[in-house]
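> The structure under discussion is supplied below as structure tokens; questions concerning it will follow.
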């Protein structure tokens, strides 16, 4: 099942001819990404052109509706946050350690 955030990201990638690595970084396998793209085509949200993939009117509308559902406005609606870097709220006595030691230098 695709979340609203992931649907927004996928539709934005199609709209702007973006890179699917951001979906891969969210934990999707390439086969799952291909399946998500097929779902987008089956729901008539996108179509193929000579230049690549494009959104249909239904796809543009779905993008707007998903942004509205998540209360994303203005620049938030154009740029998807990289949720893989969002830190969940922690207590004031908790200690956060980065996943990579390179970030400590």
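In this note's numbering, the protein residues as written are 153 to 257.
Ideal placement from N, C-alpha and C gives every residue a C-beta, glycine not left out.
1. Let me check one thing: in DSSP terms, what residues is residue 215 bridge-paired to?
2. Compute the minimum distance between the beta carbon of residue 225 and the heavy atoms of the ligand MN, and state whether it is under 7 Å.
3. May I ask you to verify whether the region 154 to 170 touches the region 211 to 222, counting CB pairs closer than 8 Å and requiring at least 3?
4. Under 8 Å, do residue 191 and residue 172 count as touching if we go by C-beta distance?
5. Terminal residues of the continuous alpha helix (DSSP H) containing residue 159?
In short, the structure shows the following:
1. Beta-bridge pairing links residue 215 to no other residue.
2. No copy of the ligand MN appears in this structure; indeed no ligand is present at all.
3. Between the region 154 to 170 and the region 211 to 222 there are three or more C-beta pairs closer than 8 Å, enough to call the two in contact.
4. Not a contact, by the Cβ cut-off of 8 Å.
5. 156 to 167 is the span of the alpha helix (DSSP H), which, as asked, contains residue 159.
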